[in-house]
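In what follows, a structure is listed as structure tokens, so that the remarks can point back to it.
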Amino acid sequence: MNTPLILASTSPRRRDLMTSAGYQFEVHPPRDTAECGICSKETPPELVARLAYQKAADVGERRSGGLIIGCDTVAECCGQILGKPTSREHAGQMLRLLRGRVHHVYSGLCLIRQRDQETRVKVAVTKLKMDAVTDSQLEDYLDTELWEGKAGAFGYQDGVDWLQVLAGSESNVVGLPLELLAEMLDELHYSPG
């Protein structure tokens with residue numbers, strides 16, 4: 775019998791990505807405290823790597839056996855780290871910062887194999903550009919509330935035509951770099967079923 779995959783996440787997008795990629799897995803959300811702790815001196819890659827590890831380790835404390843997958847995603851533009859917006863106004867501020875600019879999405883990915891505590895942590899980065907959209911276009915998007923729960927206040931998967939991936943993984947922008955996940959699972963000699 776193969777080691778079960780355990781997704782340490784509350785994100786429906788991560789669940790959808792893993793399901794569409796054909797993975798069989800269980801979901802065990804981390805406690806809220808595992809997602810806390812932005813340190814102003816951390817770079818985006820350092821932050822997402824640490825938070826991904828904290829999420830996986832938190833679930834590992836409460837769940838024995840399995841291969842735990844933790845992930846955390848942020849956007850970055852002009853040196854500012856953009857997590858999930860806390861309000862419509864906050865989402866608008868983020869989108870206005872991104873408007874017309876190249877920015878990056880970082881996802882930290884942590885895998886912990888419970889039987890021997892073998893741990894891997896890596897970071898994926900995707901370079902994007904948002905068109906110089908009008909205030910009206912931004913307001914229309916904000917009205918949809920599709921920005922809720924999404925790093926940088928946007929969902930690449932929402933079908934907006936004003937976001938382009940310039941380099942890197944599209945699934946990373948949605949919240950889980952599937953290419954990096956496959957590479958890391960291979961490093962740990964994991965094979966489904």
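Residue numbers for the sequence shown follow the numbering used here, beginning at 775 and rising by one.
In this text, a Cβ means the ideal position worked out from N, Cα and C, and glycines have one as well.
It should be emphasised that the depicted structure is a prediction, and the values quoted were computed from it without experimental measurement.
Out of the options, state which residue places its alpha-carbon closest to the alpha-carbon of residue i.
i: A831; options: E961, P804, L869; result: P804
i: S910; options: C845, R873, Q931, V801; result: R873
i: G882; options: R787, L825, T817, T793; result: L825
i: V876; options: T900, T893, G866; result: T900
i: D960; options: Q938, R894, R787; result: R894
i: T777; options: I886, H864, L920, P819; result: I886
i: A823; options: L869, C884, P859; result: C884
i: P818; options: K896, A941, L912; result: K896
i: L869; options: D890, Q891, L916, E892; result: L916
Which residue comes first and which comes last in the beta strand (DSSP E) that contains residue i?
i: H963; result: Here H963 belongs to no beta strand (DSSP E), and DSSP marks it neither H nor E.
i: E800; result: 799 to 801
i: S945; result: Premise fails: S945 lies in the alpha helix (DSSP H), 944 to 948, not in any beta strand (DSSP E).
i: Q938; result: 937 to 941
i: G933; result: It is not in any beta strand (DSSP E) - G933 carries neither H nor E in the DSSP assignment.
Please classify residue i as buried or exposed, where buried requires at least 16 other C-beta atoms within 10 Å of its C-beta.
i: N946; result: buried
i: A1056; result: Coverage of the chain is limited to positions 775 through 967, which leaves residue 1056 absent and any answer about it impossible.
i: S965; result: exposed
i: R788; result: buried
i: M958; result: buried
i: L779; result: buried
i: L940; result: exposed
Just to confirm my understanding: we take residue i, look at its own chain, exclude 5 residues before and 5 after, and list those with CB closer than 8 Å. What are they?
i: L791; result: S945, V948, G949, L950, L952
Return the CA-CA distance between residue i and residue j, expressed in angstroms with no decimal places.
i: Q798; j: Q854; result: 36 Å
i: G933; j: G844; result: 26 Å
i: G926; j: G834; result: 28 Å
i: M775; j: Q888; result: Summary for M775: the model assigns pLDDT 48, below 50, so the residue's position carries little reliability; its value from the coordinates is reported in the next sentence. Their backbone Cα atoms lie some 15 Å apart in a straight line.
i: A795; j: D905; result: 30 Å
i: S943; j: V879; result: 10 Å
i: L955; j: L781; result: 12 Å
i: D846; j: G839; result: 22 Å
i: H963; j: T918; result: 42 Å
i: K829; j: C852; result: 27 Å
i: Q891; j: L912; result: 45 Å
In terms of residues, what are the limits of the alpha helix (DSSP H) holding residue i?
i: S900; result: Per the sequence shown, residue 900 should be read as Thr rather than Ser. From DSSP, T900 is part of no alpha helix (DSSP H) but of the beta strand (DSSP E) over 892 to 904.
i: D914; result: 909 to 918
i: T793; result: 786 to 794
i: D832; result: 818 to 836
i: A865; result: 862 to 872
Keeping to the same chain, check which residues put their C-beta closer than 7 Å to that of residue i; ignore five residues upstream and five downstream.
i: V907; result: R873, W936
Near residue i, what residues of its chain come up, given a Cβ to Cβ distance below 6 Å and the 5 sequence neighbours on each side ignored?
i: L920; result: G929, D932
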